[in-house]
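Here's the structure, in structure tokens; my notes come after.
Protein chains: 2
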Amino acid sequence: MARPMTFDADVVIDHAVGIFWRQGFAATTPQNLVDELGIGKGSLYNTFKSKHHLFTLALRHYSQQRMDELATGLEGPGALKPRLREALATLAGVGEHQLGCLTVNAVAEVGMADAAVAEIATELFERMQEIFRSAIKRGQESGEIAATRAPAAAAGALMAAAIGTAVLAKAGTSPTQLRRILDAAVDI
Amino acid sequence: MARPMTFDADVVIDHAVGIFWRQGFAATTPQNLVDELGIGKGSLYNTFKSKHHLFTLALRHYSQQRMDELATGLEGPGALKPRLREALATLAGVGEHQLGCLTVNAVAEVGMADAAVAEIATELFERMQEIFRSAIKRGQESGEIAATRAPAAAAGALMAAAIGTAVLAKAGTSPTQLRRILDAAVDI
DNA sequence: AAGGTTCTAGACTTCTGGGTACAGAATAGT
DNA sequence: ACTATTCTGTACCCAGAAGTCTAGAACCTT
Numbered sequence: 025m026a027r028p029m030t031f032d033a034d035v036v037i038d039h040a041v042g043i044f045w046r047q048g049f050a051a052t053t054p055q056n057l058v059d060e061l062g063i064g065k066g067s068l069y070n071t072f073k074s075k076h077h078l079f080t081l082a083l084r085h086y087s088q089q090r091m092d093e094l095a096t097g098l099e100g101p102g103a104l105k106p107r108l109r110e111a112l113a114t115l116a117g118v119g120e121h122q123l124g125c126l127t128v129n130a131v132a133e134v135g136m137a138d139a140a141v142a143e144i145a146t147e148l149f150e151r152m153q154e155i156f157r158s159a160i161k162r163g164q165e166s167g168e169i170a171a172t173r174a175p176a177a178a179a180g181a182l183m184a185a186a187i188g189t190a191v192l193a194k195a196g197t198s199p200t201q202l203r204r205i206l207d208a209a210v211d212i
Numbered sequence: 025m026a027r028p029m030t031f032d033a034d035v036v037i038d039h040a041v042g043i044f045w046r047q048g049f050a051a052t053t054p055q056n057l058v059d060e061l062g063i064g065k066g067s068l069y070n071t072f073k074s075k076h077h078l079f080t081l082a083l084r085h086y087s088q089q090r091m092d093e094l095a096t097g098l099e100g101p102g103a104l105k106p107r108l109r110e111a112l113a114t115l116a117g118v119g120e121h122q123l124g125c126l127t128v129n130a131v132a133e134v135g136m137a138d139a140a141v142a143e144i145a146t147e148l149f150e151r152m153q154e155i156f157r158s159a160i161k162r163g164q165e166s167g168e169i170a171a172t173r174a175p176a177a178a179a180g181a182l183m184a185a186a187i188g189t190a191v192l193a194k195a196g197t198s199p200t201q202l203r204r205i206l207d208a209a210v211d212i
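These protein sequence lines are chains A and B, in that order. Per the numbering used here: the first sequence = residues 25 to 212. Per the numbering used here: the second sequence = residues 25 to 212.
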């Protein structure tokens with residue numbers, strides 16, 4: 025018994041991800057959002073409360089999507105290393121957008137000063153490490169990776185490499201060089 | 025035949041590094057700078073032209089300082105690996121400020137959108153990789169590191185690990201965990 | 001088809017970021 | 001001591017960021 029919303033909030037959040045990704049949080053104005061999302065300011069603030077809140081929603085959406093992608097990308101039979109390489113390259117956006125990782129950007133921009141962002145980022149990093157860890161463990165069981173290495177620490181190193189590569193990608197490092205770095209990182 | 029400046033520009037720049045490091049570029053207001061630097065707005069804009077220009081000066085100052093530190097830290101005789109570990113930990117600010125790396129933060133915040141920042145960052149990354157590369161080469165000559173590895177690629181991987189660790193540090197990861205990650209990364 | 005309710009567009013308001021202008025203070029040379 | 005010059009501090013300015021408010025549109029129920 026009331027007028028229904030003319031847009032799908034999830035679609036808008038998904039769209040907002042791209043905007044924040046390109047511009048960062050501070051550099052994105054409400055006007056930017058209104059223009060690009062194609063909804064009015066009233067709807068924006070009615071539905072999402074504030075720019076900051078929309079940002080956290082976008083960040084969370086992005087994190088989950090990325091981690092699901094990573095998990096499925098590493099699963100399945102066959103050689104692990106090429107899968108790892110590909111997964112890292114995808115995470116860092118090598119060769120396509122070169123925008124780095126939204127979460128990494130967010131952490132670097134606001135860091136601990138923003139509790140909500142810090143929490144989402146911490147969650148993502150934990151999940152990422154866990155995904156890497158289990159992949160490494162599987163690799164060790166199949167004999168592809170030396171069993172001498174502690175999976176947790178190696179997973180952490182992989183994660184650090186992924187994050188570092190994302191930053192380098194954003195800084196404009198060439199895809200070929202990024203590939204070489206990833207190859208070296210995966211050869212643990 | 026004119027009134028002399030009552031402050032040393034280099035000292036102020038050095039001080040500004042800390043402010044930008046803690047708060048980021050966008051989140052730092054001219055008022056912040058005036059308050060913390062202890063100079064008037066007139067002097068600020070007279071001497072440094074704009075907030076952005078001061079930022080680039082601070083960033084450059086920081087980069088050079090950090091890289092000099094890194095280079096001297098890796099020189100000298102003795103085992104290379106502990107030196108590397110220590111150098112990486114210092115770069116990422118493990119256990120002290122945990123603010124990550126100013127340059128990394130800057131890249132993640134503004135990225136390619138700011139040509140000056142991008143240039144300084146690229147320079148720093150190149151120099152960092154070069155320092156790592158020559159250290160690795162020395163390690164190979166002394167037999168501490170397997171000669172099968174390509175120094176350039178390994179240096180890139182080390183750099184990525186350093187950057188990633190800096191981000192993780194800023195995200196609030198515990199020093200002990202960061203140490204473990206660095207240990208794994210250095211064991212290439 | 002009428003009414004209650006919720007959504008929408010966008011004009012409007014507030015506030016602050018970033019910077020300028022200017023009056024006065026401190027010097028070195030003469 | 002006087003002056004030309006450059007520095008300092010502060011009041012001021014303007015644009016735009018973030019958010020509010022309201023008139024009216026769209027829908028569901030009955």
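All C-beta atoms in this analysis are idealised placements derived from N, C-alpha and C, irrespective of residue type, glycine included. Being a predicted model, the structure only gives us computed values, none of them experimental.
Query, Result
"So A:I187 packs on B:L98, CB below 8 Å; how close in whole Å?", "Contact flag wrong, Cβ pair sits at about 22 Å."
"Buried or exposed: which applies to A:A179, given that a residue is buried once 16 or more other Cβ atoms fall within 10 Å of its Cβ?", "buried"
"How would you label A:M152, buried or exposed, when you count the other beta carbons within 10 angstroms and need 16 or more for buried?", "buried"
"Any beta carbon of chain A sitting closer than 7 Å to that of B:T189?", "yes"
"Could you check whether the Cβ of A:G180 sits closer than 7 Å to any Cβ belonging to chain B?", "yes"
"For B:A111, collect the residues of the same chain with a Cβ closer than 7 Å to its Cβ; drop the 5 residues on either side in sequence, then sort them by chain order.", "L94, G97, L98"
"From A:R162 to A:S87, what does the alpha carbon distance come to, in whole angstroms?", "24 Å"
"Determine the chain B residues that contact A:D207 at a beta-carbon separation under 7 Å, and present them in chain order.", "A177"
"Per the contact definition of three or more C-beta pairs closer than 8 Å, is the segment 61 to 73 of chain A in contact with the segment 70 to 78 of chain B?", "no"
"CA-CA distance, A:L57 and A:S67?", "11 Å"
"Report back the beta-carbon spacing between B:I37 and B:H77 to the nearest angstrom; my notes put them in contact at under 8 Å.", "Contact doesn't hold; Cβ gap of about 11 Å is too wide."
"Could you pull out every residue in the same chain whose Cβ sits closer than 8 Å to the Cβ of A:A190, ignoring the five residues on either side in sequence?", "L115, A116, G117, G124, C125, V128"
"Does the beta carbon of A:M152 come closer than 7 Å to any beta carbon on chain B?", "no"
"Apart from the five residues on each side of it in sequence, which residues of its chain come closer than 6 Å, Cβ to Cβ, to A:M25?", "none"
"When you compare the CB of B:A195 with every CB in chain A, is at least one pair closer than 7 Å?", "yes"
"For a test of the three-state rule: what should DSSP assign to A:M270, helix, strand or coil?", "Residue numbering for chain A in the displayed model covers 25 to 212; residue 270 of chain A lies beyond these limits and cannot be assessed."
"List the whole-angstrom C-beta distance separating B:Q164 from B:A171, where the pair is believed to meet the contact cut-off of C-beta under 8 Å.", "5 Å"
"Would you mind telling me which residues of chain A sit closer than 7 Å to B:R204, beta carbon to beta carbon, in chain order?", "A177, G180"
"For A:G196 and B:M136, which I take to be in contact (beta-carbon distance under 8 Å), what is that distance rounded to the nearest angstrom?", "6 Å"
"Compare the C-alpha of B:V41 against each of B:M29, B:P28, B:L61, B:A176 and name the closest.", "B:L61"
"What do you get for A:D213, buried or exposed, if any count of 16 or more other CB atoms within 10 angstroms of its CB means buried?", "Only positions 25 to 212 of chain A appear in this structure, which leaves residue 213 of chain A out of reach."
"Judging by CA-CA distance, which residue of B:Q89, B:R107, B:H39 is the nearest neighbour of B:E168?", "B:R107"
"B:R27 to B:T146, Cα distance in whole Å?", "39 Å"
"Out of B:M91, B:V141, B:S198, B:A140, which one is the CA nearest neighbour of B:E154?", "B:M91"
"Suppose the cutoff is 6 Å on Cβ atoms and the five residues either side in sequence are ignored; what does the same chain contact list for A:A142 look like?", "M136"
"Would you give the residue range spanned by the alpha helix (DSSP H) that B:L94 belongs to?", "75 to 98"
"Closest Cβ-Cβ distance between B:M136 and chain A: below 7 Å?", "yes"
"Pull up the distance between the alpha-carbon of B:K105 and that of B:H39, whole angstroms please.", "33 Å"
"From this set, B:K194, B:L202, B:A132, B:L182, which residue's C-alpha is nearest A:D211's C-alpha?", "B:L182"
"Mind checking if B:G42 is an interface residue toward chain A, Cβ cutoff 7 Å exclusive?", "no"
"Since B:R157 contacts B:A176 with CB under 8 Å, what's their CB separation in whole angstroms?", "6 Å"
"Considering just the uninterrupted stretch of the alpha helix (DSSP H) at B:H39, what are its terminal residues?", "33 to 47"
"Is there at least one Cβ from chain B nearer than 7 Å to A:G62's Cβ?", "no"
"In angstroms with no decimal places, state the Cα-to-Cα distance between B:T30 and B:I63.", "9 Å"
"I need the straight-line Cα distance from A:P101 to A:A159, nearest angstrom please.", "11 Å"
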